[in-house]
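Protein chains in written order, with my numbering: chain A, 62 to 394; chain B, 156 to 478; chain C, 483 to 781; chain D, 62 to 598. All C-beta atoms, glycine included, are put in the ideal place defined by N, C-alpha and C.
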Amino acid sequence: MMKASPSPAPTRARAAGGLAWWSRHGALAAFAVLLILNIAITPHFLSVQTLNINLTQVCTIIIVAVGMNLVIATGGIDLSVGSLMAISGVIAPMIFMGAWAGAGHIGIAVALAVVAAVAVAGLLGVFNGWLVARFGIQPIVATLILFIAGRGIAQVLVDGNLQTFTVPEFAWIGQGALFGIPTQVFVMAAMVFAAVWTMRRTRFGRYVLAVGGNERAAVMAGLPVRRIKIAVYAVSGLCAGVAGLVVIAINSASDSNQIGLGNELDAIAAVAVGGSALTGGQARLLGTVLGALTIQLIRYTLLANGVPDAAALVVKAAVIALAVWLQQAQRRT
Amino acid sequence: MVSSRLEQLYKHGAVIALVALVVFGALRYDNFLSLYNVMSVCRNNAMYALVALGMCFVIMTGGIDLSVGAVAACASVAAAKASPYGLVPGLAAGVGVGLAAGIVNSLLITRARLLPFIATLVTMLAADGCALLLADNQSIAVSYTSGFIDIGQGDVGPFPIPAVIALALYALGSLVLNRTSAGRSVLATGGGEEASRLMGLRPDTIKFAVYAASGALAGLAGVLLAAEFGAGQPTEGVGWELFAIASVVIGGTLLSGGAGSVFATLAGVLLMGTLFTVLNFENGLGVISLSAYWQSVIRGLMLLAVVVLQATVTQRRRQKHAT
Amino acid sequence: SLPKLAKKDKYRVGFAQSESNNPWRIAQTKSMRDEAARLGHQLVYTDAASSAAKQAADVNSMIAQRVDLIFLTPREDKPLVPAVLNAKKAGIPVILLDRDVDHALAKPGEDYVTFIGSDFVDEGRRVAQWLVANAGKRTTILEIEGTTGSTPANDRKKGFDEFIKQHPQFKIVASQSGDFSRDKGRQTAQTLLQAHPEADIIYTHTDEMTLGAIAALEASGRKPGKDVLFVSIDGEKQAVQAIVDGKLGCSCECSPMFGPKAFAALSAYAAGGTLPPFIKNEDRFYDASNAKEALAWAY
Amino acid sequence: MGVLNAASPAADEGEGRARRTDPSAPDAGALLEIRGLQKRYAGAVALADARLRIGHGEVHALMGQNGAGKSTLIKALTGYIERDGGEVRFLGEPFEVHSPQEAQRRGISTIYQEINLVPLLSVAENICLGRAPRRRGLLDWRAMRHEAKALLGRFDIDIDVSRPLGEFSTAVQQMTAIARAIGFSSKLVIMDEPTSSLNDSEVERLFTVIRQLKADGVSVIFVSHKLDEVYAVSDRITIMRDGRWVHTADAHALGKSELISTMLGRDVNEAHGKTTAFTHGAGGHAGDTLLRVDSIGADGLARDVSFELRRGEILGMAGLLGSGRSETARLVFGADAPTRGSMRFAGEAYRPHAVADAVEAGMAFCTEDRKVEGIFPDMSVADNITICVLAKTGRGGVLDEQKLAERAQTLIAQLGIKCSSPAQKIRELSGGNQQKVLLARWIAMQPKLLILDEPTRGIDIGAKAEIQRLIRGLVDQGQSVLMISSELDELLEGADRIVVLRDGRSVANLEGEHISRASIVDAMAHGRTASVEGTSQ
Ligand SMILES: Nc1ncnc2c1ncn2[C@@H]1O[C@H](COP(=O)(O)OP(=O)(O)OP(=O)(O)O)[C@@H](O)[C@H]1O
Ligand SMILES: Nc1ncnc2c1ncn2[C@@H]1O[C@H](COP(=O)(O)OP(=O)(O)OP(=O)(O)O)[C@@H](O)[C@H]1O
Ligand SMILES: [Mg+2]
Ligand SMILES: [Mg+2]
């Protein structure tokens, strides 16, 4: 579905100078406006604590959005990330609280749990990629399968029950801090950095953009198109796996019904607001981070100022539309 | 030729699977084919069918409409609020709200040039919010005396009115798709937007129309929702868009646009609806008791089976006529 | 007049659950299943996955299957009415659990047998009463609501807010949704605490969100129970433990243990007795005075 | 090809200059008048001052180098893009349209440069949509199919018009586009390089149709890089350079070399009377066998093809439209799987399962459809060039960016690619320049075997010569080339040996003195060679 080309039809040559500036820095502008607005109206906004709160709340979305951005760069989309988060978040406690916990050192059990949970999410990502690459199934449908079934699997694993735990070694991922900065922020930063570096400096990055730019040409150029596709979905799965762990670590509880619910849409919105075209061929990762921060800040602003949930939805919708529209105005000129 | 037989099978795949499932149900369960059950399945699925019909046209243009569920919920509230004034005002309010939301989508897509995914995602959020605001976070009772509920709860002979409406609109949809140039232009738009613009067709007008129509159909679905359940429900409609997309895909319409069938979509809707009923009856046998969790796993597996079959066939076809 | 229920040893009863995405619902289903198994009845179970429309469809398919009686936990008070009336028309008695339907549209004792359940409004009110009595000098309240638009969120808000309004020393400075989930509850609490650091009371609609909110407060380096007083509803085991630990002030139980009462009502009805239109689930109330003992039975 | 040779070329230069006319002088009798048309893109000025005057019932050729602005002129005229300035009068009235549809309604129908039809729709719909016959308000499918068949029949094409267009070859698609355009009863039909994927006999049929149109009083604007075609069919010629009008003259009054030098803006030496720039290799210096193809075939068009390709030679592949040349190339390149036959490459058994295998083995394939299978539109020119050599530069998957940039620079200079910088997006280049970028991509790979499918399609004369020299240069360095071309001259003068395909079978392998226009044509048409015994298997 993602192919409707941003039509070149009516090229309006002279985009007003002001608009051009705004659109080049669409997400940045939206973010700046929100910041200023908050400083003006939100009580107790300027504080380290506010920064920490926003960073921790946006962490999982950014982590998921990184993988999503790679998928989108190949012209795909991954609806299953929320469900994969749930699966990873359910499996980890099953391991470190279950059979293997007693076996020896809790640290080993936690390490095993982290690796296994993320690996399972990655493998399910490979499954998504396999459906897309091997059968040529539209990404939105291919990942819809795990979107539906994935959460079901997570729920079946624990029969829908909540798992709660008190394991400081694990909770550290979500609750600990280094130099006053939450651990999860480091996790996030590392993943963003790795992705940016990969896209800028490696062959894989170029290939991803090539596949998203023109898949048939990529095939005829002898690029390993299938492997690249499988790889990006795998990366997206891995990211979702990590995000799932972060969520349960913050809460010291794993709720298969709730982990990652609706996060796919937030991640996609972050990518779009950040200026990467959903048609593929682009991966503006830093833009995506900014997009996620913008969406987070909208949420924070509305919540902190007592705007009712229902109205907040409408405002959020309007801001996303505006930000994406500004980005697109730029692409048209 | 093997592959062409496979192609046929796949073309009617949804229909064949539906028939198979019905036969299976009839043999295995008592009362499965009772008039009551058949009619209630038809009544319950009418509103999903309407949403899927709109989605089918949207997908044929190569787009997608994520907003249908939220729009239907919003429309059901509007319809409920207008229901004391009678059937027509209620109907008009619901369809009007849906149409308005559809036009917002159309404008975002054809004027602001947002991608359908983002445009309709945004409308989904906004419609969700508007539904709650309009309803003040409550479900809104419809008037039981103004004749409004007949459109949801009434019958024509043994046939539930919602099902009759849906069937009529599917017939109309099929006619439009196959026998009018607007319908063919929908396919042309999906098959190649720029090409169809160069051919002198008007893809923007077509897209405007399909999103507006999808909105209006979602609005009508909202009206049926309100009338059938006696209340406008701002929180209903979650996941309808995915249900509709799945139905369309199961019906064999290409998600990349440019090809599709209206009645196969209906078969897709009924297949999904019947599957739910079969699972309910299976639970009723008492041999196993499937939780909702297993049901989503099963739904996912069914979708998997269908799309893999679909993909295998299209791949073969592609190989046969490699350009 | 109500459909009759023949006297039999074993019944085939439907149980149309509205969703099972939270511990409370899961406990409720388990209670129903266990009791049915204990009595040897066959339970035909469906799950509407949070959709009133699907729940109505589920009831219709139970009618088609001709079950003897239907237990229904209506997801919403109006949309399930047609389903209740359909069952009546088909001669199948219905007992409502946990939420009632709109009495303007369907009446207990006439359209359905009875309603067994708690009074959500009353739960909110009881928490407010406890708060007024035990708040000390604290007066500034943050409210974390359930999913916007859901019946328990609306009712628990109503009961609490109305009672608090009569005590003008209290002030609800913010009231936002936490979606009934621990994670969202935590995030909402974090944000509200940051924007309103003067707040010293947090009222949440369910224990799950409370536990999230407590974590949020602890993360900001403050002490639950001391710096901020938490009050809540549901009475799940972890919450009772939190009361014991001094982190949570009180929790009004909303018991999910419907099984025994529900099947008792069934037998009574089959025996020909007339049931009262409302069988109230007596909700216990936990605070520091009884939390230790309650740990034994809390779900 | 009778047509091409019968065309009256070379008139005297002086005469041509005398007849030179400037369309900026007003002319009441003109059908279309364009003056001072301008179009700027972010990076470049595509049209600075374009002028054009078309009379009634005139066939007018529009010529110019790649990037001269021909396609832009056509797009701006027909409302596909908005123009920045200039005046257009059609039928004496100001003509300002904002969409191709509007232009069509007012009497101008256009075939744009890249084939633009909807592959999933049936051929009939592609031809009729927008003016489809109706009965009682509903589409009349039978009438539609009938009409489509009739229109295609004018080109001797007899296909099942209810099949999706995408199932047919590029040539059929091109014909469909033409059929669609002439199906509208227009006053002006514009064809932007309609012949680039047609072979000689198809071109001839097209010209017959153009002449019919002319007889009916319809005017035609015709863009082509092939001089013979231009002389064969057009009444007048307008030449553009760098977005400006430079010259308009009657065709018979404009000498070939004058035309070329006006187009290029410099004198060219056409002394040796050849139409291509190929020089034959030293002859016989070709080495051992590089690729040996034995009776390969698949379900589709290529059924039984055999040939041998030696190191350091150009093997030409000739055949009529649909004879299976492209398909054979795809089989060799692993893009499709052969169901029969065997291949040997560089002395080893060769059985590609995917394109990557072929690339690994040292093959490169420049496809005939650059838009669909060639360019990465949103990537830069440099990235487009280097995408295939990434695996060979840098270490462990990390790119050596400096080396890549140098490589791209070199090739851009070497091929004379016209771009504002290596960072410019390839989609902003003119068609011919895009083609050069693709060639650069494959040359950068230094493959053992380069397969070229219509390598000079859509390329102007100047650039064509450069490319042909380049190909010869590669071969002289010991690389081998398999060249598919619909231009006989290109094959005749460029190829060391020629394999001829007919109906999916190789029917002749021609070598040395056996290569002649007559022998190739004979093999293409009848499966045998008249003058000599073909070495067909
Ligand atoms: N979308 C665009 N953005 C920027 N520049 C463009 C764009 N389209 C065309 N150009 C530039 O305009 C100039 C004219 O291009 P045009 O396609 O009209 O050439 P042409 O004469 O048709 O060449 P060819 O014979 O190769 O088809 C070229 O220099 C090209 O780079
Ligand atoms: N005159 C015609 N009538 C009907 N079908 C034709 C005609 N010419 C070609 N075709 C169809 O066109 C297709 C030819 O495909 P292909 O691209 O392999 O040929 P080719 O030899 O590579 O020719 P080229 O690349 O020059 O177009 C076949 O499907 C054939 O049926
Ligand atoms: Mg051109
Ligand atoms: Mg070819």
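Could you tell me the distance, in whole angstroms, from the CA atom of residue i to the CA atom of residue j?
i: B/Ile-295; j: A/Met-281; result: 59 Å
i: B/Pro-358; j: C/Ile-623; result: 55 Å
i: C/Val-603; j: A/Tyr-268; result: 60 Å
i: C/Pro-634; j: C/His-687; result: 8 Å
i: B/Ile-443; j: A/Ser-313; result: 34 Å
i: A/Ala-178; j: A/Gly-321; result: 15 Å
i: D/Ile-115; j: A/Leu-326; result: 55 Å
i: B/Val-462; j: B/Val-193; result: 27 Å
i: A/Trp-233; j: C/Gly-694; result: 16 Å
i: D/Ala-107; j: D/Arg-215; result: 36 Å
Could you check where the beta strand (DSSP E) with residue i kicks off and where it finishes?
i: C/Ala-678; result: For the sequence presented, residue 678 of chain C should be read as His rather than Ala. It is not in any beta strand (DSSP E) - C/His-678 carries neither H nor E in the DSSP assignment.
i: D/Gly-604; result: Any question about residue 604 of chain D goes unanswered here, given that chain D covers just 62 to 598.
i: C/Thr-528; result: 524 to 529
i: D/Glu-94; result: 93 to 101
i: A/Glu-325; result: Here A/Glu-325 belongs to no beta strand (DSSP E); instead the alpha helix (DSSP H) covers 324 to 334.
For the alpha helix (DSSP H) containing residue i, name the first residue and the last one.
i: D/Ser-322; result: 317 to 325
i: A/Ile-201; result: 200 to 219
i: D/His-587; result: 578 to 587
i: C/Met-739; result: Element bounds for C/Met-739: n/a, residue is neither H nor E.
i: D/Ile-218; result: Counting along the chain, D/Ile-218 falls outside any alpha helix (DSSP H), and DSSP gives it neither H nor E.
i: C/Lys-729; result: Counting along the chain, C/Lys-729 falls outside any alpha helix (DSSP H), and DSSP gives it neither H nor E.
i: C/Tyr-768; result: Counting along the chain, C/Tyr-768 falls outside any alpha helix (DSSP H), though it belongs to the beta strand (DSSP E) covering 767 to 769.
i: C/Tyr-685; result: C/Tyr-685 -> not in any alpha helix (DSSP H); beta strand (DSSP E) instead, spanning 683 to 686.
i: D/Tyr-411; result: Unbroken run through D/Tyr-411 is the beta strand (DSSP E), 409 to 411; no alpha helix (DSSP H).
Do you know whose CA, among the options, lies nearest residue i's CA?
i: B/Ala-387; options: B/Ala-399, B/Gly-413, B/Thr-469 and B/Val-297; result: Residue identity check: residue 387 of chain B is Gly in the sequence provided, not Ala. For B/Gly-387, the nearest C-alpha among the options comes from B/Val-297.
i: D/Gly-118; options: D/Asn-127, D/Phe-229 and D/Ala-276; result: D/Ala-276
i: A/Ile-122; options: A/Thr-355, A/Ala-182, A/Leu-363 and A/Ala-365; result: A/Thr-355
i: D/Asn-187; options: D/Gly-140, D/Ser-230, D/Phe-156 and D/Ala-242; result: D/Ala-242
i: D/Gly-523; options: D/Val-536, D/Tyr-173, D/Gly-493 and D/Arg-101; result: D/Gly-493
i: A/Ala-210; options: B/Ala-460, B/Thr-469, B/Ile-453 and B/Ala-466; result: B/Ile-453
Give me, in chain order, the residues of the same chain whose beta-carbon lies closer than 8 Å to that of residue i; leave out the 5 immediate sequence neighbours on both sides.
i: C/Lys-729; result: Ile-696, Pro-706, Gly-707 and Phe-712
i: C/Leu-777; result: Lys-719, Val-722, Gln-723 and Val-726
By Cβ distance below 7 Å, which residues in the same chain neighbour residue i in space, the five residues on each side in sequence not counted?
i: A/Met-249; result: Cys-120, Ile-123 and Ile-124
i: C/Asp-765; result: Ser-600, Glu-605, Cys-734, Glu-735, Cys-736 and Ser-737
i: A/Val-193; result: Gly-137, Pro-200, Ala-203, Lys-290 and Tyr-294
i: B/Val-365; result: Phe-212, Val-213, Thr-216 and Val-341
* Asked: Pairing CB atoms from the segment 383 to 398 of chain B with CB atoms from the segment 285 to 294 of chain B, are three or more of them under 8 Å?
  -> yes
* Asked: Counting pairs of beta carbons, one from the segment 259 to 271 of chain B and one from the segment 376 to 387 of chain A, are three or more of them closer than 8 Å?
  -> yes
* Can you find at least 3 beta carbon pairs, one from the segment 342 to 354 of chain A and one from the segment 250 to 258 of chain A, that sit closer than 8 Å? -> yes
* To do: Assess, as a yes-or-no matter, whether the segment 447 to 467 of chain D is touched by the segment 486 to 505 of chain D under the definition of 3 or more beta carbon pairs within less than 8 Å.
  => yes
* To do: Check whether the segment 289 to 296 of chain D touches the segment 120 to 134 of chain D, taking contact to mean three or more Cβ pairs, one atom from each stretch, closer than 8 Å.
  => Verdict: yes, contact present.
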